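K.L.:
Encoded as structure tokens, here's the structure I'll be asking about.
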Amino acid sequence: RFVLWIGLLSATAAAGGLAAAVFFLCARSRFAPDAPYPLPFRRVTLALLAIGALAAGALFRFAWLDTLPVPLWLDDVSLISPALALEGSWRDFANSIRPAPYGVAQPFGSVGVLYLEFYQLCLELAGTTVFGVRLPSALAGAASVGTAMLLGRALLPRGGSVLAGLSLAGMRWSLILSRWGWNAIVLAPVLDVAALLLLAARRRWSLALAALAGVVAGISTHIYLAAWVGSAALFLLALWPPAPEQGRPWRPALALAFAIGLLLAAAPIFLLRKGRTSPYFARASDHNVVLEVRRARSILPFLGVAADALSSPWFLPDPTPRHDLPGHSRLGWIGGALVAVSFAYALLRPRRDFSAYLLAQAAAAFAATVAGGRATVPNGYRFGYLSNAAAVAIAGGALLVLAMFRASRRPSAAIALTGLLAVASFAGARDAIIRWAGSRTTFDDFWGQDTLLARAAARWDLYGTVDLDPALGENTLTMEGARKYRLDPWRDRLGRDAPEGEPRRKFRIVAPRSRPRAGERLVERVGDAWGREWGWIYGRRTGGT
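This is the structure we're talking about:
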């Protein structure tokens, strides 16, 4: 065993040394430009591309939103009732969080009342429908395309915003999270706004802007727990020393102002606790690397999760099918290659604003991934807000590749790179809307049978009483909520009113191949698109009307 460990360490050191040698050799060549090169397009062309990216981003997120994917998610459905119960006043914040999923004996997460107020607004605007349930994520996803473009404009030369928008418009990662609801993608535009304010604070030496950035980041902590990781990245960015050529002194007071604003905005989470029954950091205490190391009595879980965290954006698929297409890397070969170019540039020139932003985001995400342990790594849902950072990195990588070309070839290279990003974006949209949404693995990971059974029960509710065996599904709360609010992700919508003059009946939804009782007959078989049956419905007349 000792010899094996020596051999492993020697091979690792040799591989690291070889990689470092190749890296520094390339750093002295023309393939290591001093700065990204702006897109050599006219302003009208850039404006049209920007409008197209925004329009495509919104279209991809709202197209068939109420029907694809078919299954509904437990957290979304279980929180409809507590969201609608809010009064829209300060009394709602007596306890500033709610457990998630809502109604389970031991919730494994939490969500801020501030997010639920937004959820309630969407439900009031669109109704308690599938569209209304998914509206918060779709709106946030569409808004994130705009905020990513603003980040590209702040961090990159001319054309960077357009390329960031093109990259994100159809990015499979962002698009999937924008379509199935819940709150992870809502972080993206909020943290982008905080980053924009912080970048402005760094350039103007403004403590007020830094504090305002902290307040916006603090608001994000009321949405989803991963906001603390994004906020840690922004705090690190506030501490980052500026590049010498920028002629700005290092001002650590910016980080202090940011931290004060963050803590003030996040304070209600910890101070307003009336009647609280579940902890805010429930998930973090349940899954972490310390527990894994203790259980294994070895540091291998720590080393394993560190290795996975480094390689996951490029090589590892998400193990959870509802987060992404199984077997597909997060960034793909086009986006992954350009992100690698951006990180190589960031390591060579770490004090530029673009480099500081990327390295700060990467450092915080790496630390959080390692701390969270190896379970479900890589987790694209938890770090969904990084899809915007990835889009900016892709745009920066494209402009860096453009700078590697000779001046005479740059116009043609710019057209080719822009077209390549557009093609990748459309391919990502196809994968998200068609392949992922219609996949059997996606259906199974959402426990789609809960939605099928709830819809069947809601349809027969109009004709009498329906007894649904809860053992048929995976999550009783999903079935109860979808049935109560008649959430229907199919084109042929459920009716709302009982037909007049129809005799009342009694129905039972039971396991397939169950025997009927006296007077019952089989009225429906509840099945999915792959020929699997999840329940049989027996009915009988009760005599009334």
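Position one of the sequence shown corresponds to residue 180 (this note's numbering), numbered consecutively onward. Quick reminder that beta carbons are idealized off the backbone N, C-alpha and C, glycines included. Just so we're clear, the structure is a prediction, and the values are computed from it rather than from any experiment.
For Arg455, I'd like the list of residues in its chain whose CB is within less than 8 Å of its CB, leaving aside the five on either flank, ordered along the chain.
P.N.:
As a position in the sequence shown, residue 455 is number 276, starting the count at 1. Only Asn274, Ile276 meet the Cβ criterion.
K.L.:
In terms of residue numbering, what span does the alpha helix (DSSP H) encompassing Trp709 cover?
P.N.:
Residue numbering aside, residue 709 sits at position 530 when the sequence shown is read from its first letter. Segment: none, Trp709 is in no alpha helix (DSSP H) and carries neither H nor E.
K.L.:
My output table needs one value for Thr644: the three-state DSSP class, helix, strand or coil.
P.N.:
One-based indexing of the sequence shown puts residue 644 at position 465. Looking at Thr644 - three-state DSSP - the assignment turns out to be strand.
K.L.:
Comparing C-alpha positions only, which one of Pro557, Gly186, Ala193, Asp213 sits nearest to Phe584?
P.N.:
The residue you call residue 584 lines up with position 405 of the sequence shown. That would be Asp213, whose Cα lies nearest to the Cα of Phe584.
K.L.:
For Pro428, count the other beta carbons within 10 Å of its own beta carbon; 16 or more makes it buried, fewer makes it exposed. Which is it?
P.N.:
Sequence index remark: in the sequence shown, residue 428 carries index 249 (1-based). That one is exposed.
K.L.:
Determine the closest residue to Asp271 out of Ala343, Arg313, Leu225, Lys453, with distance taken between C-alpha atoms.
P.N.:
Translated into the one-based positions of the sequence shown, residue 271 becomes position 92. Nearest option by C-alpha distance: Lys453.
K.L.:
What residue does the alpha helix (DSSP H) around Ala516 start on, and which one ends it?
P.N.:
Counting from 1 along the sequence shown, the entry for residue 516 is found at position 337. 511-527 is the span of the alpha helix (DSSP H), which, as asked, contains Ala516.
K.L.:
Could you give the first and the last residue of the continuous beta strand (DSSP E) run that contains Ile688?
P.N.:
In the sequence shown, counting from the first residue as 1, residue 688 sits at position 509. Start and end: 684-689.
K.L.:
Using a Cβ-Cβ cut-off of 6 Å (strictly less than) and excluding sequence neighbours within five positions of Pro500, which residues of its own chain qualify?
P.N.:
Start at 1 with the first residue of the sequence shown, and residue 500 comes out as number 321. Contacts found: Thr620, Thr621, Asp624.
K.L.:
Return the CA-CA distance between Leu330 and Asp371, expressed in angstroms with no decimal places.
P.N.:
Counting from 1 along the sequence shown, the entry for residue 330 is found at position 151. Counting from 1 along the sequence shown, the entry for residue 371 is found at position 192. Roughly 7 Å separates the two Cα atoms.
K.L.:
Does DSSP put Val702 in a helix, in a strand, or in coil?
P.N.:
Reading the sequence shown from its first residue, position 523 is the one you call residue 702. Looking at Val702 - three-state DSSP - the assignment turns out to be strand.
K.L.:
Enumerated in chain order, which unbroken segments of the alpha helix (DSSP H) with a length of 4 residues or greater are wholly contained in the segment 392-467?
P.N.:
Qualifying alpha helix (DSSP H) stretches, in chain order: 406-418, 432-450, 461-465.
K.L.:
Out of Ala586, Phe481, Ala543, which one is the CA nearest neighbour of Ala411?
P.N.:
Sequence index remark: in the sequence shown, residue 411 carries index 232 (1-based). Selected option, being the one with the closest Cα: Ala543.
K.L.:
What ranges does the beta strand (DSSP E) occupy inside the segment 237-291, keeping only unbroken runs of at least 3 residues that lie completely in it?
P.N.:
Here the runs fully enclosed are 276-279, 288-291.
K.L.:
Whether or not the segment 643-662 and the segment 687-697 are in contact is what I'm after, with contact meaning three or more pairs of Cβ atoms, one per stretch, closer than 8 Å; do they touch?
P.N.:
The segment 687-697 vs the segment 643-662: in contact.
K.L.:
Hey, out of Leu342, Val256, Ser268, Val580, whose CA is closest to Thr308's CA?
P.N.:
Indexing the sequence shown from 1 puts residue 308 at position 129. Residue Val256 is the option with its Cα nearest to Thr308.
K.L.:
Who does Gly714 pair with in a DSSP beta bridge?
P.N.:
Residue numbering aside, residue 714 sits at position 535 when the sequence shown is read from its first letter. Partner(s): Val705.
K.L.:
Quick one: Cα of Ala242 to Cα of Arg381, how far?
P.N.:
Position 63 of the sequence shown, counted from the start, is the residue given in the question as residue 242. Position 202 of the sequence shown, counted from the start, is the residue given in the question as residue 381. Each residue's Cα considered, the two are about 39 Å apart.
K.L.:
Helix, strand or coil for Arg589? Go by DSSP, reduced to three states.
P.N.:
To locate residue 589, count along the sequence shown from 1; it is residue 410. Reduced to three states, the DSSP call for Arg589 is helix.
K.L.:
Kindly give me the distance between the Cβ atoms of Ala432 and Leu386, rounded to whole angstroms, as I take these residues to be in contact under 8 Å.
P.N.:
The residue you call residue 432 lines up with position 253 of the sequence shown. The residue you call residue 386 lines up with position 207 of the sequence shown. Yes, they are in contact, since the Cβ atoms of Ala432 and Leu386 sit about 6 Å apart, within 8 Å.
K.L.:
Tell me, please, which residues DSSP counts as bridged to Pro735.
P.N.:
Since the first residue of the chain shown is 180 and the last is 724, residue 735 is not available in this structure.
K.L.:
Along the chain, where does the alpha helix (DSSP H) containing Met583 start, and where does it finish?
P.N.:
By one-based count along the sequence shown, residue 583 stands at place 404. Here the alpha helix (DSSP H) through Met583 covers 565-583.
K.L.:
Among Leu356, Ile259, Pro215, Cys301, which one has its Cα closest to the Cα of Ile612?
P.N.:
Locating residue 612 in the sequence shown gives position 433, counting from the first residue. With distances taken between Cα atoms, Ile612 lies closest to Leu356.
K.L.:
So Gly714 and Leu656 are in contact, right, with Cβ under 8 Å, and what is the actual spacing, rounded?
P.N.:
Numbered from its first residue, the sequence shown carries residue 714 at position 535. Numbered from its first residue, the sequence shown carries residue 656 at position 477. Going by Cβ atoms, the distance from Gly714 to Leu656 rounds to 18 Å, so no, they are not a contact pair.
K.L.:
Go to Asp623, then tell me how far its alpha helix (DSSP H) extends in each direction, as first and last residue.
P.N.:
Along the sequence shown, one-based indexing puts residue 623 at 444. Here the alpha helix (DSSP H) through Asp623 covers 619-624.
K.L.:
From the DSSP output, which residues share a beta bridge with Arg553?
P.N.:
The residue you call residue 553 lines up with position 374 of the sequence shown. None, per the DSSP bridge assignment.
K.L.:
State the Cα-Cα distance for the pair Pro668 and Pro315, rounded to the nearest angstrom.
P.N.:
Taking the first residue of the sequence shown as 1, we reach residue 668 at position 489. Taking the first residue of the sequence shown as 1, we reach residue 315 at position 136. For Pro668 and Pro315, the distance between alpha carbons rounds to 17 Å.
K.L.:
Which residues does DSSP list as the beta-bridge partners of Arg719?
P.N.:
Within the sequence shown, residue 719 is the residue found at index 540, counting from 1. According to DSSP, which records beta bridges pairwise, Arg719 is partnered with Lys685.
K.L.:
Just to confirm the assignment, what range does the alpha helix (DSSP H) spanning Arg337 have?
P.N.:
Within the sequence shown, residue 337 is the residue found at index 158, counting from 1. Counting along the chain, Arg337 falls outside any alpha helix (DSSP H), and DSSP gives it neither H nor E.
K.L.:
Give, in chain order, every unbroken run of the alpha helix (DSSP H) that is at least 4 residues long and sits entirely within the segment 311-356.
P.N.:
With a minimum length of 4 residues, the continuous alpha helix (DSSP H) runs that stay inside the segment 311-356 are 339-348, 351-356.
K.L.:
Cutting at 7 Å between CB atoms, please list the residues of its own chain near Gly325, excluding the five before and the five after it.
P.N.:
Working through the sequence shown from its first residue, we reach residue 325 at position 146. Leu233, listed in sequence order.
K.L.:
Between which two residues does the alpha helix (DSSP H) containing Pro371 stretch?
P.N.:
Counted from its first residue, the sequence shown places residue 371 at position 192. Position check: residue 371 holds Asp in this sequence, whereas Pro was assumed. Unbroken alpha helix (DSSP H) run through Asp371: 366-383.
K.L.:
Grouping DSSP H, G and I as helix and E and B as strand, with all else coil, what is Pro480?
P.N.:
On the sequence shown, position 301 is the one that residue 480 refers to. In the structure shown, Pro480 sits in a helix (DSSP, three-state: H, G or I).
K.L.:
Let's see if you can read the secondary structure: which residues bound the alpha helix (DSSP H) around Leu656?
P.N.:
As a position in the sequence shown, residue 656 is number 477, starting the count at 1. Unbroken alpha helix (DSSP H) run through Leu656: 655-663.
K.L.:
Can you give the Cα-Cα distance for Ile716 and Pro248, rounded to whole angstroms?
P.N.:
On the sequence shown, residue 716 is found 537 positions in, with the first residue counted as 1. On the sequence shown, residue 248 is found 69 positions in, with the first residue counted as 1. Roughly 25 Å between the two C-alpha positions.
K.L.:
Can you tell me whether DSSP reads Thr307 as helix, strand or coil?
P.N.:
The count along the sequence shown starts at 1 and reaches residue 307 at position 128. Three-state DSSP puts Thr307 in coil, outside helix and strand.
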